[in-house]
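Novice: Here's a structure for you.
Protein chains: 2
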Amino acid sequence: MEKNTLLTISERTGYSVSTVSRVLSGKAQKYRISQAAVERITQEANQCDYRPNLVAQSLRTQKSQTIGLLVPGIENPFFATLSAIVIELLGARGYHTLVADSGESEQEELNALQMFQSRSVDGIICVPVSSSPELHEKIGRRIPFVLLDRYFKETTLSYICTDNFTGARMATEYLLQKGYRNILAIQGVPASMPSQERVRGFLSAVNSAGARGTVVGDAFSVENGFREAKKAFSRPQHSYDAVFAFSSTILLGTIQALRSLQLKPARDLGVISFDNNGFLDFLDPAITRVEQPLREAGSKAVETLFDIMDARRHSLPEPAPRQLLIQPTLVVRDSC
Amino acid sequence: MEKNTLLTISERTGYSVSTVSRVLSGKAQKYRISQAAVERITQEANQCDYRPNLVAQSLRTQKSQTIGLLVPGIENPFFATLSAIVIELLGARGYHTLVADSGESEQEELNALQMFQSRSVDGIICVPVSSSPELHEKIGRRIPFVLLDRYFKETTLSYICTDNFTGARMATEYLLQKGYRNILAIQGVPASMPSQERVRGFLSAVNSAGARGTVVGDAFSVENGFREAKKAFSRPQHSYDAVFAFSSTILLGTIQALRSLQLKPARDLGVISFDNNGFLDFLDPAITRVEQPLREAGSKAVETLFDIMDARRHSLPEPAPRQLLIQPTLVVRDSC
DNA sequence: AGGTTGTGCGCAATCGTTTGCGCTTGTTTC
DNA sequence: GAAACAAGCGCAAACGATTGCGCACAACCT
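Here you go:
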């Protein structure tokens, strides 16, 4: 009920608010506060269980011990996992995470980033959905900013992403090497960099092998996977001999569709996926896929962000933007 | 570079900070601000793209448009999914989410809850780890508070949880009915209400059927599932004919262990799981399980929280605590 | 003319911290 | 005995918003 602020402690101890503040924020040394004062004040603070008001602290210091995390769809297991990893890593460094969801909308992304600003977050980790980095770079000038999972072609911002081109190429080449010649790729959000790069990698491999490749789909969702697979494999005269699902959600939808058509991976056609859900090993057959090292990406992103934050804190020269394409790995199982 | 605050707008328009504030927070009517003033001020605000400083706003109003979400382990897919759902639902209501992770530690839980307080969150959704509700109730008096997934036996707080007792009973009875007589249950964190209730339900069913039931394990993790299953089924003289995994993480570990021992669900023993990961349908065999309606729980929790918030906002009498045990459903597949 | 009512706006306190600067004392130095 | 310095602490101005109260003026009524 009764409030505990610097003021009340100040009144109860007879010391000024300034002194109380300095003692309780551990600056007693620096300001040469007497031992007596330190003791009296800490005692009182302990007794009344004083906790600084973080809002007031943020207002005054323009810091908040909080990082803003912006993803385009937290309901997607991929981003849920990625978020979980980032939240965990930030927590380990004593930072809290404010999570926002842009829902693949540029407008929402704008809102969220502005919200982050006006809350004085100390840094931002963002899976961008916009087509141009201007806004991000502008904000990045004031607030340490790292792009994750998606990036911009030309930008001064740091980013940590999977090398989706190479990954898709690897997957496709593996299919080709296994003898599949007419591959259906089901992609995610076409405007997103990962999908585009995967399409590029896919087509590049298919073309240089003189095979046939088709790209369909428009979302990183189970439904999209189901719909597109169903549509493609329902047509009697289709001639696909393999499917490349661009995410594990798409894969699940695809498998559902195949089942409903009595088709089985490996037996009736080749199936390969892009993504890193451990449970792919538990499917029957286990799914061959290109795995993204999600934890590594999250961890590098957090690390990069803190490097920038540290540099700014000590007004050192900004480290050169770290622009990383993490190599995914082909995990061979039994689906093709 | 140039700041935009009420003060700067005030200077540029010639109106006082008060007037600018009232116009920009939509209270022009209420305070009878002239049309001229409203126009001049909104124009200036638009032009300089003014955004209120949410930190200052929070400090003044004690509101933050933010809900604190506390879970005991965001890296666990169950909580990752639950968090994602809650974050999404809160977002839809215009609220942001501050996520904290207690890591199953009471101390961390305490910290997080205090942090929430001192940040003036407008409400808290919490998966508790403490054994007693005192702290939670105390905070609940100041801040709308809802428990999710775990609850306390005697509490005045609202909670939304799965009926774990009934769920476990259902699962076990199904196994018994299928003829299994010696069941190994691998549980999660033993101190947690869900695990305890599931153990109760399990033993209750086993005992009243005169069958044998054993409980082992101590974490909601893949590793725990692997370790316990491996240990149990490695012993040549073991006589278990079925496994009940208390979560899908535990299940995955169990399956790994079984595989390593050349054992297969359904063929060699019965397997049943507690949890709601859609991908259980994609395993071979598909896993029979008790499903918790996660989205429903999240949604009810959010709804309940907002009911409390609304009541307090209008200083209506607090609604009676809503204490809900959601019924899980048995989803029969092919693993037993 | 004097009183009432209404309109449009500003003053200043408040939320709880942080921090630059400077004011007292007391001690040392030459 | 004056100057110089250190030790220990407080004043007051920020940070940027909100809001109760009241002031000034015009319009209206009797």
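As given, the protein sequences belong to chains A and B, one line each in that order. Using the numbering used here, you'd call the opening residue of the first sequence number 1 and step up by one each time. Using the numbering used here, you'd call the opening residue of the second sequence number 1001 and step up by one each time. Note that beta-carbon positions come from the ideal geometry of N, C-alpha and C, so glycine has one too.
(1) Who pairs with F145 (chain A) in a beta bridge, going by DSSP?
(2) Please give me, in chain order, every unbroken run of the alpha helix (DSSP H) with length at least 4 that falls completely inside the segment 170-211 of chain A.
(3) DSSP three-state call for Q1237 (chain B): helix, strand or coil?
(4) Whose C-alpha, out of B:P1328, B:V1127, B:L1135, is nearest the C-alpha of P1072 (chain B)?
(5) Could you tell me which residues DSSP puts in a beta bridge with P265 (chain A)?
(6) Measuring only between beta-carbons, confirm whether A1301 (chain B) sits less than 8 angstroms from chain A.
(7) Rounding to the nearest angstrom, what Cα-Cα distance links I326 (chain A) and M1170 (chain B) in this structure?
(8) Pull the bridge partners of G1213 (chain B) from the DSSP assignment, please.
(9) Would you say E75 (chain A) lies against chain B (beta-carbon separation less than 8 angstroms)?
(10) Of the residues that make up the segment 1238-1269 of chain B, which ones have a beta carbon closer than 8 angstroms to any beta carbon in chain A?
(11) I'd like to know whether the C-beta of I183 (chain A) is nearer than 8 angstroms to at least one C-beta of chain B.
(12) Does D1101 (chain B) come within less than 8 angstroms of chain A when only Cβ atoms are used?
(13) Count the C-beta pairs between the segment 296-305 of chain A and the segment 247-255 of chain A that are closer than 8 angstroms, then say yes if the count reaches three, no if not.
(14) Cβ of S58 (chain A) within 8 angstroms of Cβ of P1052 (chain B)?
(15) Could one say the Cβ of T1155 (chain B) lies closer than 8 angstroms to chain A's Cβ atoms, at least one of them?
(16) Can you pull the DSSP bridge partners for E1291 (chain B)?
(17) Look up Y1159 (chain B) in the DSSP assignment and give the residues it is bridged to.
(18) My understanding is that G1123 (chain B) touches L1098 (chain B), with C-beta atoms under 8 angstroms, so please give their C-beta distance in whole angstroms.
(19) With a threshold of 16 other CB atoms inside 10 Å of the CB of S1234 (chain B), please say whether the residue is buried or exposed.
(20) If I measure Cβ to Cβ from Y1015 (chain B) and keep anything under 7 angstroms in the same chain, skipping five residues before and after, which residues do I get?
(21) Shorter than 8 angstroms from the beta carbon of E1134 (chain B) to some beta carbon of chain A?
(22) Can you pull the chain B residues whose beta carbon is under 8 angstroms from the beta carbon of R312 (chain A), in chain order?
(23) From the DSSP output, read off the bridge partner residues of H1096 (chain B).
(24) State buried or exposed for E1228 (chain B), treating a residue as buried only when at least 16 other CB atoms are found within 10 Å of its CB.
(25) From the beta carbon of I87 (chain A), is the nearest beta carbon of chain B less than 8 angstroms away?
(26) Near R333 (chain A), what residues of its chain come up, given a Cβ to Cβ distance below 8 angstroms and the 5 sequence neighbours on each side ignored?
(27) Helix or strand or just coil, what does DSSP make of V1243 (chain B)?
(28) Counting contacts by CB-CB distance shorter than 8 angstroms, is T1097 (chain B) in contact with chain A?
(29) For H1136 (chain B), count neighbouring C-beta atoms within 10 Å of its own C-beta (all shown protein chains included) and say buried if the count is 16 or more, exposed if not.
(30) Please classify N276 (chain A) as buried or exposed, where buried requires at least 16 other C-beta atoms within 10 Å of its C-beta.
(31) So what does F1274 (chain B) bridge to, in DSSP terms?
(32) Suppose you measure from the CA of L1324 (chain B) to the CA of L252 (chain A); what does that come to, to the nearest Å?
(33) Of the residues that make up the segment 1043-1059 of chain B, which ones have a beta carbon closer than 7 angstroms to any beta carbon in chain A?
(34) Identify each residue in the segment 1108-1126 of chain B for which the Cβ-Cβ distance to at least one residue of chain A is less than 8 angstroms, and report them in chain order.
(35) Would a C-beta distance cut-off of 8 angstroms place L1090 (chain B) and L283 (chain A) closer than the cut-off?
(36) Below 8 angstroms between beta carbons: does that hold for L1070 (chain B) and E1109 (chain B)?
Specialist: Looking at the atomic coordinates:
(1) Partner(s): A:I124.
(2) DSSP runs (the alpha helix (DSSP H)) wholly in the segment 170-211 of chain A: 193-208.
(3) Residue state for Q1237 (chain B) is assigned as coil, using DSSP reduced to three classes.
(4) When only C-alpha atoms are compared, the closest one is B:V1127.
(5) BP columns for P265 (chain A) point to A:L269.
(6) Output row for A1301 (chain B): interface = no.
(7) Within the model, the alpha-carbon separation for I326 (chain A) versus M1170 (chain B) is close to 46 angstroms.
(8) DSSP output for G1213 (chain B) lists B:I1183 as bridge partner(s).
(9) At least one C-beta of chain B is nearer than 8 angstroms to the C-beta of E75 (chain A).
(10) The residues in question are L1252, I1255.
(11) No, I183 (chain A) does not count as interfacial toward chain B.
(12) Under the 8 angstroms criterion on CB atoms, D1101 (chain B) is classed as interfacial with respect to chain A.
(13) Taking a contact to require three or more Cβ pairs closer than 8 angstroms, the segment 296-305 of chain A and the segment 247-255 of chain A do not qualify as touching.
(14) It is not a contact, given that the beta carbons lie outside the stated cut-off.
(15) Cβ-Cβ to chain A under 8 angstroms: no for T1155 (chain B).
(16) The partner list for E1291 (chain B) (beta bridge, DSSP) reads B:T1329.
(17) The partner list for Y1159 (chain B) (beta bridge, DSSP) reads B:L1147, B:Q1323.
(18) In fact, because the Cβ distance is near 11 angstroms, the residues do not count as touching under 8 angstroms.
(19) S1234 (chain B) comes out exposed.
(20) Here the set comprises A1037, I1041.
(21) For E1134 (chain B), the answer is no, since every Cβ of chain A falls outside 8 angstroms of its Cβ.
(22) Per Cβ cutoff of 8 angstroms: no residues; R312 (chain A) is ~16 angstroms from chain B at best.
(23) DSSP, once it has assigned bridges, lists B:T1066 as partnering H1096 (chain B).
(24) Buried is the call here.
(25) So yes, I87 (chain A) belongs to the interface.
(26) Taking C-beta separations shorter than 8 angstroms and ignoring five residues to either side along the sequence, the partners of R333 (chain A) in its chain run L280, D281, P285, A286, I287, T288, R289, following chain order.
(27) Three-state DSSP puts V1243 (chain B) in a strand.
(28) Interface residue, yes.
(29) H1136 (chain B) comes out buried.
(30) Taking every protein chain shown into account, the CB of N276 (chain A) has 16 or more other CB atoms within 10 angstroms, so this residue is buried.
(31) B:V1290.
(32) Approximately 33 angstroms between the Cα atoms of the pair.
(33) From the segment 1043-1059 of chain B, only R1051, P1052, N1053, L1054, V1055, A1056, S1058, L1059 have a Cβ closer than 7 angstroms to chain A.
(34) Taking 8 angstroms as the Cβ-Cβ cut-off against chain A, the residues of the segment 1108-1126 of chain B that qualify are Q1114, M1115, Q1117, S1118, R1119, S1120.
(35) At a Cβ-Cβ threshold of 8 angstroms, L1090 (chain B) and L283 (chain A) do not count as neighbours.
(36) Yes. Within cutoff.
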